[in-house]
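A short worksheet on the structure shown next.
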Amino acid sequence: MDYVVTAEALNFRTGPSQSIVTTLPKNTVVKVYGVDPFNSGWYVTNKGYASATYLVLKGQTPTPTPVDQTATSVASEVYTFFKAKGWTKNAICGMLGNMERESGLKPNIKQIGGGSGYGLVQWTPGSVLQDWAKSKGYDYTTTNTQCLRIQYEYDNGLQFYKTKSCPLTFKQYIVSTQTPEYLAECFMRNYERPGVPALEDRKTYARKWFNYF
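Residue 75 in the numbering used here sits at position 75 of the sequence shown; the count goes up by one each step and never skips.
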């Protein structure tokens, strides 16, 4: 069946979150053969695998990506906090895309699978956040404390280091007006450095929050 690209640019890959085959612009028509059997968020198309979020059946009106209410309240608190600190909407949403991938936007969550990560950005080990918060008399389980920790890292040149893939410093990142997708990748590479990139998910979530706010 014919589907239309709704993103400004959509990557088509060899598999979910795998290597990019091609990138197609908005309103390009592709043929969708079905849903990936192991990941329902991806379509199998004549151009490769692509995020189902940005493909809509030709002739239909795109529907917004659903926003979970609990995630909304956390995201709103994060957004308000960092907007007041001078961060751009783009930079905040790039970070929110990573937070949703890392923790589902749940501040009081331990790493799934038994690892030592904890919190919105999955500080590893979690004691990085917990010990710091305790030394300040803060409750480390709250969104506000975790926002304060990220701002502390910014103020003290911690955690965020520019890479060849994304040559932005933390100072440059927070004022950037590049796309939320690009900034989601920058935050992933320069701050998170995850074992499982799942980059397309991070970009999708970043765009979702950018559209929401």
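Heads up, the beta-carbon is just placed ideally off N, CA and C, and yes, glycines get one too.
Note that this is a predicted model, so its numbers are computed, not measured.
With DSSP collapsed to three states, give me the class of residue 43.
What you label residue 43 is simply residue 43 of the sequence shown in a count that begins at 1. Residue 43 falls in the strand class under three-state DSSP.
So, does the stretch 21-35 touch the stretch 76-85, judging by three or more C-beta pairs under 8 Å?
no
Give the straight-line distance between the Cα atoms of residue 44 and residue 52, rounded to the nearest whole angstrom.
In the sequence shown, the residue the question calls residue 44 occupies position 44. In the sequence shown, the residue the question calls residue 52 occupies position 52. Their Cα atoms are separated by approximately 9 Å.
Would you check if there are 3 or more beta carbon pairs closer than 8 Å linking the stretch 90-102 to the stretch 194-210?
Because the criterion of three Cβ pairs below 8 Å is met, the stretch 90-102 and the stretch 194-210 touch.
With a threshold of 7 Å on Cβ separation, who are the neighbours of residue 87 within its own chain once the five nearest residues in sequence on each side are excluded?
Translated into the one-based positions of the sequence shown, residue 87 becomes position 87. Excluding sequence neighbours, residue 87 sits near 174.
Measuring straight from C-alpha to C-alpha, what distance separates residue 34 and residue 152?
Position 34 of the sequence shown, counted from the first residue, corresponds to residue 34. Position 152 of the sequence shown, counted from the first residue, corresponds to residue 152. Going by the C-alpha atoms only, they are around 46 Å apart.
Alpha carbon to alpha carbon, what distance is there between residue 186 and residue 57?
Within the sequence shown, residue 57 is the residue found at index 57, counting from 1. Within the sequence shown, residue 186 is the residue found at index 186, counting from 1. Taking the straight line joining both Cα atoms gives about 31 Å.
Pull up the distance between the alpha-carbon of residue 144 and that of residue 78, whole angstroms please.
Taking the sequence shown and counting its residues from 1, one reaches residue 144 at position 144. Taking the sequence shown and counting its residues from 1, one reaches residue 78 at position 78. Approximately 8 Å, taken between the alpha carbons.
Starting from residue 94, follow the alpha helix (DSSP H) in both directions and report where the run begins and ends.
As a position in the sequence shown, residue 94 is number 94, starting the count at 1. 89-103 is the extent of the alpha helix (DSSP H) around residue 94.
Starting from the Cα of residue 130, find the closest Cα among 181, 108, 113, 114 and give me that residue.
In the sequence shown, residue 130 corresponds to position 130, counting from 1. Comparing Cα-Cα distances from residue 130 to each of 181, 108, 113, 114, the minimum goes to 108.
At which residue ranges does the stretch 160-208 contain complete alpha helix (DSSP H) runs of 4 or more residues, listed in the order of the chain?
170-174, 180-187
Can you name, in chain order, every residue of its own chain whose Cβ lies under 6 Å from the Cβ of residue 170, other than the five neighbours on each side?
Residue mapping note: residue 170 aligns to position 170 of the sequence shown, counting from 1. Excluding residues within five positions, the ones whose Cβ falls inside 6 Å are 154, 160.
What do you reckon, is the C-beta of residue 118 under 6 Å from a heavy atom of the ligand COA?
As presented, the structure is devoid of all ligands, the ligand COA included, so that no description of it is given.
For residue 141, which three-state DSSP category applies?
Numbered from its first residue, the sequence shown carries residue 141 at position 141. DSSP places residue 141 in coil when its eight states are reduced to three.
Which of the three DSSP states is assigned to residue 110 in this structure?
By one-based count along the sequence shown, residue 110 stands at place 110. Of the three classes helix, strand and coil, the one that applies to residue 110 here is strand, per DSSP.
Provide the residue(s) that pair with residue 150 in DSSP beta bridges, ordered along the chain.
Mapped onto the sequence shown, residue 150 falls at position 150. DSSP, once it has assigned bridges, lists no residue as partnering residue 150.
Excluding the 5 residues preceding and the 5 following residue 140 in the sequence, name in chain order all residues of the same chain whose CB lies nearer than 6 Å to its CB.
Counted from its first residue, the sequence shown places residue 140 at position 140. Cβ neighbours of residue 140 beyond the five flanking positions: 129, 130, 133.
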